[in-house]
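Residue numbers (my numbering): 2 to 232.
And the structure:
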């Protein structure tokens, strides 16, 4: 186990375009170029969650407009029908919700075959324990630290118990698994999430609500790195 921990994955900062100006998404990507690792694209269908946001045409345009890897978070019904299309458009990571999928492992295989990483998302009220045995099939586990569907909500510290549980399970099984947290991640919450075992951090308002989004992202990275460093 010590060998696995020594090869700790680098921190990933993934600003959420949900908090950006939808009329200027290419500019939003440019504003964080060189300071972030992924761009988090929240896809909502007004069925799985009560909001409607971005879809395949926007992802296709973003892929052409930026070299930053796209992290597509599908808050949609019937991901088996739609998810592979995002991989085929060039998304780096495609994450779908466990609550919406009848066969998460099969869909993960389809996503990888289409060229993307596969992510599994767990909403606020879903126990992570129900899905621990599926984690070897995935590259990323996204744990919502708010209720999925809207940006700008307050971080829920109780969700970090899920992060701790998942990280302990991943370490015990020597899994190469990203644990991503999404919701209320900001200067005053990122360290706690990192200490719990997260290594990828979605931040919307904390980045795009700042005067200097790139500097805000760098500050989040520094705080996460400090919290993840061996003490």
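Note that the Cβ used here is the ideal one computed from N, Cα and C, for glycine as well.
Note to self: For residue 40, report the span of its beta strand (DSSP E) as first-last.
What the structure shows: From DSSP, the beta strand (DSSP E) with residue 40 extends over 40 to 45.
Notebook entry, point to check: Can residue 148 be considered in contact with the ligand PLP, in the sense that its beta carbon sits closer than 7 Å to one or more heavy atoms?
Noted result: The model on display carries no ligand, and the ligand PLP is accordingly not part of it.
Notebook entry, point to check: Helix, strand or coil for residue 148 per DSSP?
Noted result: In the three-state reduction of the DSSP assignment, residue 148 falls in the coil class, being assigned neither a helical nor a strand state.
Checklist line | Straight-line gap, residue 15 to residue 220 (C-alpha atoms, nearest Å) | finding: Rounded to the nearest angstrom, the two C-alpha atoms are 13 Å apart.
Check: If residue 39 sits next to residue 69, beta carbons under 8 Å apart, how far is it from one beta carbon to the other, in whole angstroms?
Finding: Right, the Cβ-Cβ distance comes to about 7 Å (below 8 Å), so this counts as a contact.
Check: If you draw a straight line from the C-alpha of residue 159 to the C-alpha of residue 166, how long is it?
Finding: Those two C-alpha atoms are separated by around 12 Å.
Check: Per DSSP, residue 75 is paired with what?
Finding: Bridge partners of residue 75: 44, 97.
Next item on the list: Please state whether DSSP places residue 50 in a helix, a strand or coil.
Entry: In this structure, DSSP gives residue 50 a state outside helix and strand, which the three-state scheme calls coil.
Notebook entry, point to check: Ends of the alpha helix (DSSP H) at residue 172?
Noted result: That run of the alpha helix (DSSP H) goes 161 to 173.
Next item on the list: Let me know if residue 23 comes out buried or exposed under the rule of 16 or more other beta-carbons within 10 Å of its beta-carbon.
Entry: Burial state of residue 23 is exposed, judged by a 10 Å Cβ sphere holding fewer than 16 other Cβ atoms.
Check: Where does residue 163 land, buried or exposed, given buried means 16+ other C-beta within 10 angstroms?
Finding: The residue in question, residue 163, is buried, as its Cβ has 16 or more Cβ neighbours within 10 Å.
Note to self: Within 10 Å of its beta-carbon, does residue 7 have 16 or more other beta-carbons around it, so buried, or fewer, so exposed?
What the structure shows: Unreliable placement is indicated for residue 7, whose pLDDT of 34 sits below 50; no coordinate value is reported for it.
Check: CA-CA distance, residue 194 and residue 180?
Finding: Between residue 194 and residue 180, the C-alpha separation is close to 10 Å.
Margin query: I need the straight-line Cα distance from residue 226 to residue 188, nearest angstrom please.
Written below: Near 12 Å, if we compare the C-alpha coordinates of residue 188 and residue 226.
Note to self: For residue 95 and residue 101, which I take to be in contact (beta-carbon distance under 8 Å), what is that distance rounded to the nearest angstrom?
What the structure shows: 13 Å between Cβ atoms; not a contact.
Notebook entry, point to check: Can you give the beta carbon distance from residue 157 to residue 147, rounded, assuming they're within the 8 Å contact cut?
Noted result: Confirmed, about 6 Å.
Notebook entry, point to check: Since residue 149 and residue 50 are thought to touch, with beta carbons under 8 Å apart, how far apart are those beta carbons, to the nearest angstrom?
Noted result: Confirmed, about 5 Å.
Notebook entry, point to check: Alpha carbon to alpha carbon, how far is residue 84 from residue 19?
Noted result: When rounded, the distance between both Cα atoms is 19 Å.
Next item on the list: Could you give the DSSP three-state label for residue 186: helix, strand or coil?
Entry: DSSP places residue 186 in the coil class of the three-state scheme, outside both helix and strand.
Margin query: Is the beta carbon of residue 106 closer than 8 Å to that of residue 65?
Written below: No, the Cβ-Cβ distance between residue 65 and residue 106 is not below 8 Å.
Notebook entry, point to check: Secondary structure at residue 62, three-state DSSP: helix, strand or coil?
Noted result: Reduced to three states, the DSSP call for residue 62 is helix.
Margin query: Can you give me the C-alpha to C-alpha distance between residue 127 and residue 216, rounded to a whole angstrom?
Written below: Residue 216 has its alpha-carbon roughly 34 Å from the corresponding atom of residue 127.
Checklist line | For residue 112, the three-state DSSP class (helix, strand or coil) | finding: DSSP places residue 112 in helix when its eight states are reduced to three.
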